[in-house]
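Trainee: Protein chains in written order, with the UniProt record's numbering: chain A, 1 to 307; chain R, 1 to 419.
Glycine residues also receive a C-beta, built at the ideal position from the N, C-alpha and C atoms.
On a predicted model such as this, the values are computed, not experimentally measured, just so you know.
Mind looking over this structure? Questions follow.
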């Protein structure tokens with residue numbers, strides 16, 4: 001008998017045997033328990049609480065009870081002009097920004113994959129914007145767009161072009177935000193597309209080349225179908241992220257000028273924290289959640305990702 | 001066994017000692033920037049002198065309101081004192097987040113704050129305004145002033161601008177001379193708080209106001225409001241392209257860099273204008289109270305005030321600290337740290353006024369005495385947002401000034417439930 005075996009006395013074994021057997025039987029649950037508890041505390045409970053808040057009118061005065069108003073907060077959405085403006089702006093931003101990011105990201109990935117595959121440092125450089133904290137990106141672009149001292153207007157001045165207000169001009173403000181977002185997030189699409197391109201099989205292309213298929217036909221009939229799952233994931237993630245745009249708008253324009261850049265996240269923040277109306281803010285958040293779920297489900301079905 | 005027990009006890013005791021050292025007797029929520037920095041420094045002094053540990057938690061401007069409102073709504077008691085921008089007072093007071101200071105003054109054998117505080121500074125600390133009980137004490141004496149480049153103005157024949165017409169005359173000439181690189185006027189046109197803050201003094205100087213005297217009627221869309229809007233639009237036309245997104249920083253930078261000749265701004269910018277490392281205009285910028293329209297000019301008051309949170313568990317300690325921090329000696333130290341005072345004795349203190357960096361004090365004291373508070377309403381943040389959207393649209397030219405007034409009238413009526 002080994003010396004260590006002596007220490008394992010029969011008595012504790014007997015005492016703990018029931019517990020041990022129970023633990024062994026339920027080990028998988030025990031292992032999952034911490035994660036489940038954290039999820040419950042940080043995701044499930046707040047989500048349920050948000051549903052609960054959305055059907056109440058909540059006063060900032062803690063001595064006043066929450067008043068149940070059913071769908072009252074949701075009905076308010078129909079007549080709230082600011083919400084409708086924010087919804088329209090969010091839709092414009094999401095569609096335009098994600099489309100440009102996708103086209104640029106795919107184009108860059110094709111270019112690098114085909115012609116400059118060896119320039120790995122270029123790939124790293126292209127990744128930098130994505131790595132930066134959004135708040136730093138927003139402040140950097142604020143400096144670039146600054147009408148009097150910004151580098152962009154300095155270039156315009158030197159080229160003899162008219163100076164622009166960029167983030168301050170009603171016609172340019174949304175465009176300015178889209179440019180900053182495209183700068184930051186095109187690398188994300190690029191990265192996914194590059195990974196997708198690297199995993200493409202070679203044989204179909206060889207066969208297509210033998211059959212005399214042009215580069216365009218190869219791209220359209222082979223590359224795009226092969227990349228479909230990657231494209232779907234990239235677009236899905238970017239759309240979901242674009243729907244909750246906040247930092248750029250908060251720093252660059254504050255939703256202005258003339259409400260042209262007010263997006264849903266900014267409006268939710270204002271309603272919840274500036275106007276101290278968390279019930280209504282919860283209702284708007286649920287609306288955004290609903291839109292996101294519907295869009296992603298439709299998109300996944302359309303791209304046959306769910307299969 | 002005994003040794004193990006002693007060791008465990010010793011570790012536990014030292015851990016407890018470390019934690020208790022980290023616990024503060026009073027916690028204050030303060031904004032980032034000079035106001036918060038000043039109070040943090042005062043808190044450190046107080047700990048040394050009185051032995052009471054004061055923790056000053058700093059947050060960006062907007063987050064101070066949010067954190068304070070959240071602490072109040074949840075009765076968390078995490079903050080004992082909040083350093084508030086004065087337009088927030090009705091929100092905090094009327095939602096039960098602030099302690100009525102009357103019993104604390106009584107316990108201290110005082111009637112209330114002493115008469116050395118400027119009357120306008122004290123008026124904003126009562127809720128309802130100037131008549132109700134004290135719910136806070138003034139700490140930083142902000143009120144807008146009119147900043148201008150006297151030499152440039154003189155070139156246009158305007159010696160010292162007394163009215164908005166004078167300002168417009170000089171600003172128009174300077175902008176025309178500037179060729180797109182220099183402007184006669186610059187203002188905060190950013191949607192929301194910025195544009196409202198720069199419009200209100202003009203609004204008041206034409207005899208307009210947001211509500212009637214007893215706050216039973218919204219009075220934005222009036223002939224007085226239209227006259228104010230007309231001047232505001234004329235000022236926009238002589239301002240740089242892009243003011244639609246400007247906040248205090250952009251305005252201050254334009255003045256300090258010498259690319260704009262005049263603006264309304266807060267007194268804490270004086271330090272920047274007079275600092276050679278940050279300004280090309282050292283000694284060149286003059287200060288005056290807000291110019292007159294059809295009525296005498298009135299600046300927007302923007303004091304930082306200290307109130308005790310209702311959920312605080314250390315209310316007496318908090319009150320003692322507030323009385324100490326707002327005493328004449330401490331307000332003078334605070335002024336030396338860069339925060340405008342709230343006491344007449346400090347404004348007229350020769351030791352300070354003879355220094356170049358405090359040369360604006362007589363003007364600032366006059367500006368505070370002629371100031372107006374932002375409309376006192378618990379829903380002010382929402383009102384300001386709605387008004388700010390319409391002003392922003394007018395500044396951007398997407399609607400006419402008349403439409404802006406009409407829309408703002410309707411929006412504020414809807415928010416307040418008034419007609």
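DSSP three-state label for residue 333/R, please.
Mentor: Helix at residue 333/R.
Trainee: At which residues does the alpha helix (DSSP H) containing residue 265/R begin and terminate?
Mentor: Where residue 265/R is concerned, there is no enclosing alpha helix (DSSP H), although the beta strand (DSSP E) it sits in stretches over 262-265.
Trainee: Here's the rule I'm using: 16 or more other beta-carbon atoms within 10 Å means buried, otherwise exposed. How should residue 298/A be labelled?
Mentor: Classification of residue 298/A: exposed, given that the 10 Å Cβ count is below 16.
Trainee: Mapping DSSP to helix, strand and coil, what is residue 281/A?
Mentor: Correct three-state label for residue 281/A: helix.
Trainee: Would you say the stretch 211-218 of chain R touches the stretch 262-273 of chain R, given that touching needs at least three Cβ pairs under 8 Å?
Mentor: With the cut-off at 8 Å, the stretch 211-218 of chain R and the stretch 262-273 of chain R do not touch.
Trainee: Which residues in chain R have a C-beta closer than 8 Å to the C-beta of residue 275/A? List them in chain order.
Mentor: Those within 8 Å of residue 275/A in chain R are 379, 381, 382, 385.
Trainee: Which residues of the stretch 143-176 of chain R have a Cβ closer than 9 Å to any Cβ of chain A? Give them in chain order.
Mentor: The stretch 143-176 of chain R vs chain A, Cβ under 9 Å: nothing.
Trainee: Write down every uninterrupted run of the beta strand (DSSP E) in the stretch 222-268 of chain R whose length is 3 residues or greater and which is fully enclosed by it, in chain order.
Mentor: Here the runs fully enclosed are 262-265.
Trainee: Given this structure, state the Cα-to-Cα distance separating residue 271/A from residue 197/R, to the nearest angstrom.
Mentor: Distance between the alpha carbons of residue 271/A and residue 197/R is about 21 Å.
Trainee: Alpha carbons only, please: which of 126/R, 30/R, 153/R, 351/R is nearest the one belonging to residue 81/R?
Mentor: Residue 81/R has its Cα closest to that of 30/R, out of 126/R, 30/R, 153/R, 351/R.
Trainee: Quick check on the DSSP output: the alpha helix (DSSP H) that includes residue 350/R runs from which residue to which?
Mentor: Note, residue 350/R: alpha helix (DSSP H), 350-353.
Trainee: Tell me the rounded alpha-carbon separation between residue 224/A and residue 237/R.
Mentor: So the two alpha carbons sit approximately 52 Å from each other.
Trainee: Check whether the stretch 57-72 of chain A touches the stretch 229-248 of chain A, taking contact to mean three or more Cβ pairs, one atom from each stretch, closer than 8 Å.
Mentor: In short, these stretches do not touch, since the Cβ pair count stays below three.
Trainee: By the 9 Å beta-carbon criterion, what residues does the stretch 87-110 of chain A contribute toward chain R?
Mentor: Of all residues in the stretch 87-110 of chain A, none has a Cβ within less than 9 Å of some Cβ in chain R.
Trainee: Which chain A residues are close to residue 423/R, counting only those with a beta carbon under 7 Å from its beta carbon?
Mentor: A question about residue 423/R goes unanswered here, because the residues of chain R that appear run from 1 up to 419.
Trainee: Listed in chain order, which residues of the stretch 234-250 of chain R have Cβ atoms closer than 9 Å to some Cβ of chain A?
Mentor: Answer in chain order: 240, 241, 242, 243, 244, 245, 246, 247, 250.
Trainee: Taking 7 Å as the cut-off, is the beta-carbon of residue 171/R closer than that to any non-hydrogen atom of the ligand FMN?
Mentor: This structure simply doesn't include the ligand FMN, nor any ligand for that matter.
Trainee: Would you call the CB atoms of residue 297/R and residue 290/R closer than 8 Å?
Mentor: Yes.
Trainee: Hey, which unbroken runs of the alpha helix (DSSP H) at 4 residues or more fall wholly within the stretch 11-59 of chain A?
Mentor: DSSP runs (the alpha helix (DSSP H)) wholly in the stretch 11-59 of chain A: 27-39, 45-54.
Trainee: Select from the stretch 247-263 of chain A all residues with a C-beta closer than 7 Å to any C-beta belonging to chain R, and list them in chain order.
Mentor: Within the stretch 247-263 of chain A, the qualifying residues are 253, 254, 255, 256, 257, 258, 259.
Trainee: What three-state label does DSSP hand residue 148/A in the structure shown?
Mentor: Looking at residue 148/A - three-state DSSP - the assignment turns out to be coil, as it is neither helix nor strand.
Trainee: So residue 384/R and residue 411/R are supposed to be a Cβ contact under 8 Å. How far apart are they, rounded?
Mentor: Residue 384/R to residue 411/R, Cβ: 11 Å. No contact.
Trainee: Quick check on residue 138/A - is its C-beta less than 8 Å from some C-beta in chain R?
Mentor: False, the Cβ-Cβ gap to chain R never drops below 8 Å.
Trainee: Apart from the five residues just before and just after residue 276/R, which ones in its own chain have a Cβ nearer than 8 Å to its Cβ?
Mentor: Here the set comprises 282.
Trainee: List, in chain order, every chain A residue whose beta-carbon is nearer than 8 Å to that of residue 75/R.
Mentor: Correct list: 62.
Trainee: How many Å lie between residue 373/R and residue 183/R at the Cα?
Mentor: Cα-Cα distance, rounded: 29 Å.
Trainee: Which of the three DSSP states, helix, strand or coil, is assigned to residue 386/R?
Mentor: Helix at residue 386/R.
Trainee: Taking 8 Å as the threshold (C-beta atoms), are residue 340/R and residue 364/R in contact?
Mentor: Yes; because the gap between Cβ atoms is below 8 Å, this pair is in contact.
Trainee: Per DSSP, residue 183/R forms a beta bridge with which residues?
Mentor: According to DSSP, residue 183/R bridges with 260/R.
Trainee: Where does residue 26/A land, buried or exposed, given buried means 16+ other C-beta within 10 angstroms?
Mentor: With fewer than 16 Cβ atoms within 10 Å of its Cβ, residue 26/A is classed as exposed.
Trainee: For residue 306/R, report the span of its beta strand (DSSP E) as first-last.
Mentor: Note, residue 306/R: beta strand (DSSP E), 304-308.
Trainee: Roughly how many whole angstroms lie between the Cα atoms of residue 144/R and residue 303/R?
Mentor: Straight-line Cα distance between these residues: approximately 10 Å.
Trainee: Expressed to the nearest angstrom, what Euclidean distance is found between the alpha-carbon atoms of residue 21/R and residue 261/R?
Mentor: With a pLDDT of 42 at residue 21/R, under the threshold of 50, the modelled position of that residue is not reliable, and the figure given next carries that caveat. Cα to Cα, the separation comes out at about 52 Å.
Trainee: With distances taken Cα to Cα, identify the nearest neighbour of residue 354/A among 185/A, 273/A, 300/A.
Mentor: Since the first and last residues shown for chain A are 1 and 307, residue 354/A lies out of range.
Trainee: Using only the alpha-carbon positions, how far apart do residue 105/R and residue 86/R sit?
Mentor: Cα to Cα, the separation comes out at about 21 Å.
Trainee: With a 10 Å radius around its C-beta and 16 neighbouring C-beta atoms as the bar for buried, classify residue 22/A as buried or exposed.
Mentor: Exposed: under 16 other Cβ atoms inside 10 Å.
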